[in-house]
Amino acid sequence: MTEALIEAIGLTKDFDDFRAVDSVDLSVRPGEVVALLGPNGAGKTTTIRMLASLLTPSSGTALVAGFDIRRDPDEVRARVGLLTEHHGLYMRMRSEEYLEFFGGAYRLPRGVLRERSTRLLELYGLAGDRRRRLGEYSKGMRQKLALVRALLHDPPVLLLDEPTSAMDPSSAFLVRGSIAQLRQESRAIIVCTHNLKEAELLADRIAIIRGGQLIATGTATSLKQAYLGRRQMEVRLARPLDGAARLLPRGTHVVASGADWLRYETEDPQETNPRFLRSLGQAGIDVVTLAEVERSLEDVYLQVVGQPRPPV
Amino acid sequence: MSAATAPLRAAHGAWLVARREIRDQGRDWRILAPIAMLTLFFPLLMNFTARAAVDFVNRYGAPLVGERLIPFLLLVVGFFPISISLVIALESFAGERERLSLEPLLVTPLSNMQLYAGKMLASLVAPVLAAYLGIVVYSAGLILRLDWRPPVPLLVQVVLLTTAQALVMVAGAVVISSLTTSVRAANLLASFIIIPVAQLVILESLIMFWGQYSVLWYIVIGLVVTSALLLRMGIHLFNREELLGRELDVLNLAWVGRVVRSEFGAGARGLREWYGGLFRHSLPRALPALGLVSLVMVVGYGIGLWAARQWTLPAELMTLRADPQVVLDHLRQLGFLQPEGWLWVLSNNVRAILLASVLGAFTFGVLALVLLTIPVILVGYFAGNLALAGASAGTVLSALVLPHALVEIPAAMLAGAAIVRWGMVVVSPSRGRSLGHHWLAGFAEWARLMVGLVVPLLAVAAAIEVFITPLIAVRVLFGG
C-alpha cells in the first residue's frame, strides 16, 4: 500500500480551556481526495491549520509529505498548498506581482516561477487580467487566483478550504476539473466544503467532524449504507400492482407503494433484483423501470451531525 | 543550505516581505500625502518659524532663545515623519489579519524571524527616509535663509535620536500589532508607546533649551537599549500560533483567575508546602534580579555620597542636640511608639512597594528600581553630609536607620527583585505560552514573594522602626 502523504495521529488542539480538535486520526494517500465536512466551528479550519504547521497541536502529531508538523514546520509549509477560506489577496497588487511575491517566499527560481505563473493563469482564465489590480477582480477571479497561489510551488499536499465558494457554475466546474486532474498527479488533497454534492463528486472518502472529533469516515457509499440502512429499490410497472409485492424474493422488505409502483429495501440488490425481475416476467407483468432510490450525502451528514431535516 | 548563505537567505526573505509592503505603501495616498507634507512643506514652515522667532527674540535682546530654538525645530522636523512609522507598524500584522491576508503569508516557508524583520523594515524605511529628507530640507533652509550651519555633532545627534526613536516606536508597535486582533485594538494600545515617547520628546526639548546637548547622547543610548529589549521581546513573542490562534481580544476573567490561582498556589497542599516551594523555587529564581537590585542600591548610596559633596548642607544642621524626653514626646506626637504608628509606617511602605510594582510592571522594572533607590540615595546623602560635618556617620546611621533597616532593606531588595522579574518576564518569554499567560505567571510569582516574604518582613521592620529604633536613637544620640 502506498505510504500516506498525510498521516495524522491523535491530533488535538486546545485554546486555553476550549478543545477545538480532539484526537483526530486521518490518513490521505497520494492521488486521494478526502472531503472534510462538518458544521461551522466543528474544527475543520483548526485541523487544516495544524496540518499546514500554522498551529502546533496540543497533543498528537501528523506527518505531512514525510515531515513532522511539530519538528519540521518549515519543510511542511514548503510542501503544502493551502487555499484559505478567504482569498486574502493584496488588493493593490497586480496578479503577476502577487505571484512573484509568493514565488519568492517559496524560493522558486525566476524561470520556474515565470513558467508556472503563465501556465496556471492561462489554465484558470486569468492570463488576460494579469496586469489589472486585484482590487478590480471579481470574487470568483480572486478565488481562482488564490488557488493559483496555492499551486504555485507545485506542492504534493493540497489543503483546500471551500475551493469553489463565490465562483459561478462554470468556474466551479473548471476548479472541480482541475482538482480531479491534481488527484491524477498523485497529490494528497483535503477539501473542506459545505457543498455536499461537490464533496460527493470530488472525494474518494468523506470525513465528518463535529465538536472537534472525527465522527465518521468512509466512502460516500459506505457512509450511506452505515447511516441510512439498506439500499432501497423502486420498481414501476406498466399496470396496477395487483399483488406484485408477493413476488418479491425473501430478504426484501416493502417500505412504500403506490398504484403502479413499490419501493423495497434489500441487502443485496445484485442477487434480489434479477430474481424479482424474473418473477415479474414469468407473471406477465411488464416493468417500466427498476432503479435504486437515490440517497444523498446530505441525509448522511444530517444524521451524523445530529440535526433533523427541517420540515418541507 | 550552507552556513555562509543562511544569513543572506534570511535577509532576502525579510527584504521580500518589506519590499512588498513598501511597494504597497507607495500606492497608498493616505501614507504618501502626509509623508510628502512632512518632508517638504513642514520643514519649510519650520524654516519660516525659526526665522520669525530669531528675528523676534533678537529684537528684545534674547538671541540665546533663538539659538536654542533652531536645533529644537531640527528635532521636531525629524520626529514628525517618523510618527507615521507608528501607524504603519501598528497596522503591520493587525491590518493583515483584519484583511484576512495573513494566513496565506504565514503558510509560506518564511521563518518567523524573516516575517518579523520584514515587517520592521517595512515600517521603518519610508518614514525614516522621509525624516532624513525633512532634516536635509530644513538644514538647507537654515543655511540659505538664516546663514546658520547646524554643527555636525548636533546633526549626528538628531539623526541618531530620530532613528532610535523610530526604532523604539516601531519595535513596540510591531509587538502590539502581533498581539492584537484588530487595528482598532492596536491603536488603543498604542498609547503605551505614544505617551512615553511624547514625554521623551518634551524632555529632549527641555534639554536642548537648557543647552545640555551632551545629555542627548545618554538618551540615544537609553533608546538603543530600549529598542534592543523591545526587539528581543518581539522576536520571542512573534509566532504563527499567537497570530492565528486567537480570534478575539476578550478578557476571560475566569481563565485569568485560574492561571493566577494555579501559579500562586504552585500545587501546594498547605502553608508549609507553599513556603517550601517559595524558598526552593521562587527565591532562587529571583536571585539574579536580587543581584541587580543590590548593585543598583550600592550605586544609589554612592550617588548620595557624591551628591553630599556637590550640594553640602550647613554643618550646624548635622548637629543633633536636644532633651531626650522632649524628643521622645515629639516622636509620640508623630505616632511613634504607638500601634497606630506601626500601621501608618507599614501602610506607607506597602503603598510605596505597590506603586513601584505598578510602574515596574510596564517599564521592564526600571521605574521600580528608580523609586526604590531614592531612599537609599537620601541615606547616602545624609551619611555624606554627616561625614563632611565631622560627625560619626556610622554612629548616627546605626542609631537612626540600622535597627529597622536590617529587615526593611532586604524586604525592599526582595520586592525590587520580584518587580524586576515581573517587568522583565515579557522580554524573554518561553515559547508555547501567550504573552498574557506569561504576564499573569509573572504577577503570580510577584504575589508569592510579596505575600510570603516582603509584607511579613515589612511588618516586622515597621514594628522595629516604631517601637525600637526611636528608643535606641534617643539613647545613643541624645543620651536618654
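Just so you know, the sequences run in chain order A and B.
The numbering of the first sequence is my numbering, which starts it at 1 and goes up by one.
The numbering of the second sequence is my numbering, which starts it at 1001 and goes up by one.
All C-beta atoms, glycine included, are put in the ideal place defined by N, C-alpha and C.
As the structure is a prediction and not an experimental result, all values here were calculated from the model.
{"query": "CB contact flag (A/Ala78, B/Pro1456, <9 Å)", "result": "no"}
{"query": "Buried versus exposed call for A/Leu120 [16 or more other C-beta atoms within 10 Å across all chains shown]", "result": "buried"}
{"query": "B/Val1054 versus B/Arg1068: straight-line alpha-carbon distance, rounded", "result": "10 Å"}
{"query": "Cβ shell of B/Ala1412 (< 7 Å), same chain only, five flanking positions each side left out", "result": "Leu1372"}
{"query": "Residues of the region 50-62 of chain A whose Cβ lies closer than 7 Å to any Cβ of chain D, in chain order", "result": "Reference to chain D is not applicable here, since the protein chains of this structure are A and B."}
{"query": "Within-9 Å CB hit, B/Val1158 to chain A", "result": "no"}
{"query": "Cβ distance (whole Å) where A/Arg70 is taken to contact A/Thr47 below 8 Å", "result": "Contact doesn't hold; Cβ gap of about 15 Å is too wide."}
{"query": "Residues that A/Thr61 bridges to, as DSSP identifies them", "result": "A/Ile9"}
{"query": "Spatially closest choice to A/Gly251 from A/Thr118, A/Asp268, A/Leu11, A/Ser95, by CA coordinates", "result": "A/Asp268"}
{"query": "Short CB-CB distance (under 9 Å) between A/Val288 and chain B", "result": "no"}
{"query": "At least three beta-carbon pairs within less than 8 Å, the region 7-15 of chain A to the region 182-193 of chain A", "result": "no"}
{"query": "In DSSP terms, what A/Ala244 is bridged to", "result": "Looking at the DSSP assignment, A/Ala244 forms no beta bridge with any residue, so it has no partner."}
{"query": "Under 8 Å from the C-beta of A/Phe101: neighbouring residues of chain B", "result": "Leu1016, Arg1020"}
{"query": "CA-to-CA distance, A/Asp16 to A/Gly111, given in whole angstroms", "result": "46 Å"}
{"query": "Residue burial classification, A/Asp22 (beta-carbon count within 10 angstroms, cutoff 16)", "result": "buried"}
{"query": "Uninterrupted alpha helix (DSSP H) stretches inside the region 272-301 of chain A (no shorter than 4 residues)", "result": "none"}
{"query": "Chain B contact for A/Leu262 (CB, 9 Å cutoff)", "result": "no"}
{"query": "CB-CB length for B/Ala1418 against B/Ala1286, believed under 8 Å", "result": "6 Å"}
{"query": "For B/Gly1265, the first and last residue of its enclosing alpha helix (DSSP H)", "result": "1253-1265"}
{"query": "Endpoints, the alpha helix (DSSP H) within which A/His194 is located", "result": "Per DSSP, A/His194 belongs to no alpha helix (DSSP H) and is neither H nor E."}
{"query": "Residues in the region 1087-1111 of chain B having any Cβ partner in chain A nearer than 9 Å", "result": "Glu1096, Arg1099, Leu1100, Ser1101, Leu1102, Glu1103, Pro1104, Leu1105, Leu1106, Val1107, Thr1108, Pro1109, Leu1110, Ser1111"}
{"query": "CB of B/Ala1441 within 9 Å of CB of B/Glu1241, strictly", "result": "no"}
{"query": "Buried or exposed (CB count within 10 angstroms, at least 16 for buried), B/Gln1157", "result": "buried"}
{"query": "Distance between A/His253 and A/Leu241 (C-alpha atoms, nearest Å)", "result": "16 Å"}
{"query": "Rounded straight-line distance, which links the Cα of A/Trp261 to that of A/Arg246", "result": "13 Å"}
{"query": "Limits of the unbroken beta strand (DSSP E) element including A/Gln232", "result": "231-237"}
{"query": "Inter-residue CB distance, A/Ala52 and B/Val1107 (contact presumed, cutoff 8 Å)", "result": "5 Å"}
{"query": "Proximity below 9 Å, CB of A/Leu152 to CB of A/Leu123", "result": "no"}
{"query": "Sequence-distant residues of its chain with Cβ nearer than 6 Å to A/Val288 (five each side left out)", "result": "Arg236, Ala238"}
{"query": "Opening and closing residue of the alpha helix (DSSP H) in which B/His1437 lies", "result": "1435-1449"}
{"query": "Cβ shell of B/Leu1167 (< 6 Å), same chain only, five flanking positions each side left out", "result": "Ser1227"}
{"query": "Reference A/Ser222; option with closest CA among A/Ala207, A/Val255, A/Val24", "result": "A/Ala207"}
{"query": "Cβ distance (whole Å) where A/Ala62 is taken to contact A/Gly211 below 8 Å", "result": "Between A/Gly211 and A/Ala62 the Cβ distance is about 20 Å, and since that is not below 8 Å, they are no contact."}
{"query": "Inter-residue Cα distance where the pair is A/Pro310 and B/Ser1083", "result": "Note on A/Pro310: pLDDT 46, under 50, position unreliable in the model; no value is reported."}
{"query": "Assigned secondary structure, B/Arg1140 (DSSP; H/G/I helix, E/B strand, else coil)", "result": "According to the sequence displayed, residue 1140 of chain B carries Ala and not Arg. B/Ala1140: helix per DSSP, three-state reduction."}
{"query": "Helix, strand or coil at A/Val312 according to DSSP, with G and I counted as helix", "result": "Caution applies to A/Val312, whose pLDDT of 39 falls short of 50 and renders its modelled position unreliable; the value that the coordinates give is listed next. Reduced to three states, the DSSP call for A/Val312 is coil."}
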